[in-house]
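I have placed the structure first, in the form of structure tokens, so that the comments after it can refer back to it.
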Amino acid sequence: MTGDAHNKGSDSTRRSFLKASTALAGTALAGVPGLADAQSPPKKHPKRGGTLRFGTREDTIGLDTHRNIIYFVSTPLTGITGGLVDFDDKMQPKPAVAESWEPSKDLQTWTFKLRRGAEYHNGQTIDAESVKWNIERIKDPKIGHAFTRSVLADVERVTVDDKHTVQFHLKEPHAALDINLIYYPVNLMSPGAVDTADTHPVNCGPFKFKTWRRLDVTELVRFENFWETDSEGSNLPYLDGLVGRPKKEDRVRLTALRTNEVDLIDNVAYADAPAFKKDHGRTFDTWPVPQVGTAMMYFNLKNGLLSEKDNPDAHLLRQALAHAIDHEGIHQAVFNGIGEISKGFYSSASPWHVKDIEGWPKFDPDKAKALRKKAKGGDERLTIIANDTFPYMQQSGEIVHAMLKDAGFNVVLEILPGPVMLEKQNKGDYNIDSTANSYRLDPDGWYGRNILSTAPETRRRNGYKNEKADQIILAARKEGDRAKRRQMYADVETLVNRDLPMLYTHFVPLMMASNKARVKGYNVSFSGPWSYTGAGMRRTWIEG
Amino acid sequence: MLAYTLRRIAQLVPVLLVLTVAVFGFVEALPGSVLDTLIGTEGGDDAETREILAKEYGLDRPVHERYAKWLVRTVQFDFGNSLVTRRPISLELMSRIPATVYLATVGIMLSMMIAIPLGTLAAVRRNSAVDYTAQVTSLAGISIPEFWFAILCVLLFSLYLGWLPSSGYVSPFEDFWGSLQFLILPAAAIGFRQAAFTTRLTRSSMLDELSKEYVDTARALGHSERKVIFKYTLRNAMIPTITISGLQLANLLGGTVVLESIFAWPGIGRAIFEAILQRDYPLIQAGVLVLGCIVVVMNLLVDLTYRLLNPRVKFA
């Protein structure tokens with residue numbers, strides 16, 4: 001790495017220096033609408049070897065992959081994780097540690113047949129007992145992260161049929177348990193190495209853990225006995241190793257890529273993405289990820305001005321707010337014209353997208369003003385909160401704050417750190433929350449956990465309740481027909497856009513970039529680098 | 001001098017005790033709880049889970065009980081485990097402190113290497129071109145924000161010229177020469193800014209000293225100008241410079257969060273900042289306590305340096 005640092009970026013010119021200086025001084029870079037896809041699938045024959053240096057915005061906060069959210073886009077440690085089920089680039093479940101699986105007719109028992117010969121990184125066989133142990137450990141509230149536990153909320157117990165067969169018994173029928181088990185976030189670790197889970201985790205993913213210094217470096221090496229092979233029967237992954245370098249600031253990461261200190265980065269800032277692709281497209285590949293999440297304004301329906309419990313005109317006020325918010329303004333100002341405005345949870349790139357959703361109230365400042373004046377509490381103070389961790393949440397909060405001010409609302413904005421946000425959400429000490437939720441492979445992961453009135457997160461966050469929506473969500477959970485399910489969720493979206501417990505604003509896109517000369521075979525879809533059979537980090541190799 | 005040193009070390013105890021109470025109180029008063037971080041979202045925030053986790057992490061006990069327990073362990077040099085990473089805090093700190101000490105020490109040394117000759121020259125050749133240059137340069141150093149100067153350095157030396165890496169860290173114990181390449185830009189960013197203050201201070205101290213009678217006496221006795229400046233005047237003028245540099249160094253140990261972000265430098269400042277964001281109480285407490293100790297020791301060393309510079313200084 002040290003030697004590479006001396007390599008002058010091949011496209012470094014006086015003009016690029018001046019341009020970068022100008023950008024840093026705050027001048028907006030010229031925008032180029034849209035992002036073309038990166039290079040077509042590699043034609044060169046894969047090479048085994050090489051270490052990929054990955055610059056990320058985030059780092060894991062701990063090593064125990066059950067206790068911590070191993071965020072699937074940005075956390076290098078994700079490379080060590082693996083689970084029963086994978087998915088392909090169409091987001092369809094694919095065999096991983098489980099070779100096959102089948103639900104019972106009533107969708108209440110799921111049987112998984114495990115791959116023979118699959119191992120943890122310490123050589124321990126992945127058998128049914130160890131899978132059972134993992135699920136029980138994740139479900140333990142003292143250990144498992146709440147997000148991870150929530151995807152297993154319907155699992156009542158796990159039983160072992162034989163060494164290679166494990167059964168999940170559910171409290172209620174569920175058509176998408178297999179999707180929930182996809183290795184983010186339900187990952188498997190070796191029971192024999194549980195004592196070192198916080199210091200030296202032993203999992204079953206494509207890479208083995210070597211070292212970690214928080215916010216400095218994560219070093220992983222290839223797991224030679226990883227179960228996946230390529231079409232020629234060669235073991236995956238191709239890379240010898242992976243070095244994660246968390247660099248929180250977006251432009252620091254981008255500079256590190258341009259100076260050849262890292263090979264691949266995530267989260268190119270929206271402000272930089274179009275110009276970077278235009279100016280440096282010959283040297284660097286760019287990888288647009290269409291939707292890693294969905295941004296929205298959550299309205300607090302538990303209490304306060306926007307809640308029917310405290311204000312009979314709460315719905316009218318929420319409509320006024322919706323009419324005051326210009327989605328196109330958010331699209332341009334926050335996302336720099338990249339990605340799509342959202343009317344529902346799934347973007348046009350998702351298999352769960354539905355076109356004919358009844359949208360939210362259109363931007364109409366005059367109508368917003370009229371409704372605000374008409375509604376009880378229209379002159380009272382509203383508080384917007386936004387998490388300080390993610391720039392787009394802050395920026396969306398700022399621009400919505402300005403739009404609401406323009407419409408005559410008495411509104412304040414508070415940008416807060418995570419724990420304070422959580423406390424305010426728990427206590428209902430806010431009116432509007434500028435937030436986002438990560439992409440859910442199965443819609444039940446969103447609607448069943450954030451719209452369903454009985455779901456813990458709905459109760460915690462905004463207290464929305466619509467009996468019709470509840471009925472549809474519960475019915476969709478048991479529906480095996482994919483097309484029917486999709487339509488059912490579209491009906492829920494229509495109800496959401498009418499009731500306005502939240503206002504969808506924009507899909508959260510992400511752009512990764514890599515050194516064209518060095519990084520080969522890389523490709524991404526929704527979930528960033530990690531989660532694929534046949535793509536992502538497992539199929540990547542280093543040239544030269 | 002030994003008695004003085006021991007007395008000063010003994011005085012550290014109440015200072016550090018007050019510091020621990022202040023830090024504990026401050027952390028307790030922060031809005032938001034580590035339990036919120038641990039519980040997260042989507043399904044865990046019920047009273048039962050909260051109770052289980054509070055008990056697991058000892059957060060169900062009253063504040064004074066937790067403080068007493070923490071203090072007893074701390075005096076045995078056991079900081080416990082981070083609530084978030086669950087790894088020993090001593091491990092977290094020991095992986096961070098060397099990086100910060102390395103950066104701050106080299107930064108201050110660089111600053112003194114610029115400031116002392118420049119300040120001295122500016123004073124000796126008062127109202128000359130050298131003096132004006134020194135004053136303008138130091139004014140620019142004070143006026144330019146440190147982060148902006150750092151970013152310009154990165155653009156020029158990393159992106160445009162390709163001479164130095166733009167960010168990262170290599171331990172000097174692993175690869176000394178390699179580590180210097182990563183150190184130069186952040187240390188220069190620190191050094192330039194701190195030198196701006198120290199240059200002005202050295203100049204004004206030197207002017208003060210040069211106007212004193214002992215300087216005229218030394219000249220009247222026929223000592224060379226070089227001897228008058230370097231042997232007599234500069235040594236006296238250095239006392240405020242050393243004091244300020246010592247305080248700057250102490251300040252830098254915990255105060256380079258912005259530069260650590262720009263250069264992805266894994267220092268203690270950023271670790272404590274992240275710990276505050278996550279309400280990782282034991283890590284915040286241990287980090288601040290260790291930094292407090294370092295600051296107090298730095299002050300002691302500065303005081304002891306006075307004696308080296310001027311043997312007539314008496315320790316009371």
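Chains as they are written, first to last, in the working numbering: chain A, 1 to 544; chain B, 1 to 316. Don't be surprised by glycine CBs; every beta carbon is placed ideally from N, CA and C. In this text the structure is predicted, and so the values were computed from the model without any measurement.
Taking the C-alpha atoms as reference points, what is the distance between W541 (chain A) and L156 (chain B)?
So the alpha carbons of these two residues sit roughly 32 Å apart.
Any C-beta of chain A within less than 9 Å: which residues of the segment 157-175 of chain B qualify?
Those would be S158, L159, Y160, L161, G162, W163, L164, P165, S166, S167, G168, Y169, V170, D175, in chain order.
Which residues of the segment 290-314 of chain A have a Cβ closer than 7 Å to any Cβ of chain B? Give them in chain order.
From the segment 290-314 of chain A, no residue has a Cβ closer than 7 Å to chain B.
From the DSSP output, in three-state form, read off P509 (chain A) for me.
P509 (chain A) falls in the strand class under three-state DSSP.
Applying a beta-carbon distance threshold of less than 8 Å, which residues of chain B neighbour D64 (chain A)?
What D64 (chain A) touches in chain B: R86.
For S10 (chain A), count the other beta carbons within 10 Å of its own beta carbon; 16 or more makes it buried, fewer makes it exposed. Which is it?
Caution is warranted here: a pLDDT of 37 is assigned to S10 (chain A), below 50, making its placement in the model unreliable, and the coordinate value is therefore given only provisionally. Looking at its Cβ environment, which holds fewer than 16 other Cβ atoms inside 10 Å, S10 (chain A) is exposed.
Go ahead and pull the three-state DSSP assignment for L77 (chain A).
L77 (chain A): helix per DSSP, three-state reduction.
Hey, how far is the Cα of I384 (chain A) from the Cα of D433 (chain A)?
The straight-line gap from Cα to Cα measures roughly 6 Å.
Report the residues of the segment 34-53 of chain B with a CB closer than 8 Å to any CB of chain A, ordered along the chain.
Here the close residues are V34, D36, T37, I39, G40, T41, E42, G43, G44, D45, D46, E48, T49, I52, L53.
So who's on the other strand from L416 (chain A), going by DSSP bridges?
Its beta-bridge partners are A:N387.
Going by other Cβ atoms of all chains shown within 10 Å of its Cβ, with 16 needed for buried, is L221 (chain B) buried or exposed?
Flag for L221 (chain B) reads exposed.
Check whether chain A comes within 7 Å of S211 (chain B), counting only Cβ atoms and requiring the distance to be less than that.
No - not a single Cβ of chain A is within 7 Å of the one on S211 (chain B).
Give the DSSP-derived three-state secondary structure of K248 (chain A) in the structure shown.
Three-state DSSP puts K248 (chain A) in coil, outside helix and strand.
Give every residue of the same chain whose Cβ lies closer than 7 Å to the Cβ of S347 (chain A), excluding the five residues on either side of it in the sequence, and list them in chain order.
Result list for S347 (chain A): P290, Q291, E340, H353, F507, in chain order.
Counting Cβ pairs, one atom from each stretch, are 3 or more of them under 8 Å apart for the segment 369-387 of chain A and the segment 307-324 of chain A?
Yes, the segment 369-387 of chain A touches the segment 307-324 of chain A.
My parser needs the alpha helix (DSSP H) runs of 4 or more residues fully inside the segment 54-105 of chain B; what are they?
Listed in chain order, the complete alpha helix (DSSP H) runs (minimum 4 residues) inside the segment 54-105 of chain B are 63-75.
Which residues in the same chain as S130 (chain A) place their Cβ atom closer than 8 Å to its Cβ, once the five residues preceding and following it in sequence are excluded?
For S130 (chain A), where only same-chain residues beyond five positions count, the Cβ hits under 8 Å are Y120, Q124, L188, S190, P191.
Please tell me whether E42 (chain B) and A146 (chain A) are closer than 7 Å, where the distance is taken between their beta carbons.
A contact, by the Cβ cut-off of 7 Å.
Mind pulling the chain A residues with CB within less than 8 Å of I262 (chain B)?
Within 8 Å Cβ-Cβ: E249, V252.
Contact criterion: CB-CB distance below 7 Å. Does E28 (chain B) meet it with respect to chain A?
Closer than 7 Å: no.
Leaving out five residues on either side along the sequence, give the residues of the same chain with a beta carbon under 7 Å from the beta carbon of A176 (chain A).
Correct list, in chain order: D442, D444.
Are at least three pairs of beta-carbons, each pair with one atom in the segment 422-438 of chain A and one in the segment 388-401 of chain A, less than 8 Å apart?
Judged by Cβ distances under 8 Å, the segment 422-438 of chain A makes contact with the segment 388-401 of chain A, as three or more pairs qualify.
Give the residues of chain B in contact with D216 (chain A), contact being defined as C-beta atoms less than 7 Å apart.
Per Cβ cutoff of 7 Å: Y169, P266.
Under three-state DSSP, which class holds W446 (chain A)?
In this structure, W446 (chain A) counts as helix in the three-state DSSP scheme.
Please compile the residues from chain B whose C-beta is within a distance smaller than 8 Å of the C-beta of K142 (chain A).
Going along chain B in sequence order, the residues near K142 (chain A) (Cβ under 8 Å) are I52, L53, E56.
E493 (chain A) and I325 (chain A) look like a contact to me (Cβ under 8 Å); what is the Cβ gap, rounded to whole Å?
Their Cβ separation, rounded to whole angstroms, is 17 Å, which puts E493 (chain A) and I325 (chain A) out of contact at 8 Å.
Look at T533 (chain A) and K94 (chain A) and say whether their C-beta atoms are less than 7 Å apart.
Result yes, Cβ atoms of T533 (chain A) and K94 (chain A) sit closer than 7 Å.
Closer than 6 Å by C-beta to P33 (chain A): which residues in its own chain qualify, once you throw out the five before and the five after it? Chain order, please.
Caution is warranted here: a pLDDT of 27 is assigned to P33 (chain A), below 50, making its placement in the model unreliable, and no coordinate value can be reported.
Pull up the distance between the alpha-carbon of L17 (chain B) and that of A286 (chain B), whole angstroms please.
About 13 Å.
Can you tell me which of the three DSSP states H315 (chain A) falls into?
Three-state result, H315 (chain A): helix.
Could you tell me which residues DSSP puts in a beta bridge with E219 (chain A)?
E219 (chain A) is bridged to A:T211, A:V243.
Expressed to the nearest angstrom, what Euclidean distance is found between the alpha-carbon atoms of D86 (chain A) and E457 (chain A)?
Going from the Cα of D86 (chain A) to the Cα of E457 (chain A) covers about 26 Å.
According to DSSP, is M502 (chain A) part of a helix, a strand, or is it coil?
Residue state, collapsed to three classes: strand.
Below 8 Å, how does it come out for the segment 243-261 of chain A and the segment 212-220 of chain A: are there three or more Cβ pairs, yes or no?
Enough Cβ pairs lie closer than 8 Å, so yes.
By the 10 Å Cβ neighbour count, where 16 or more other Cβ atoms means buried, how is R157 (chain A) classified, buried or exposed?
With fewer than 16 Cβ atoms within 10 Å of its Cβ, R157 (chain A) is classed as exposed.
Please state whether DSSP places D303 (chain B) in a helix, a strand or coil.
Looking at D303 (chain B) - three-state DSSP - the assignment turns out to be helix.
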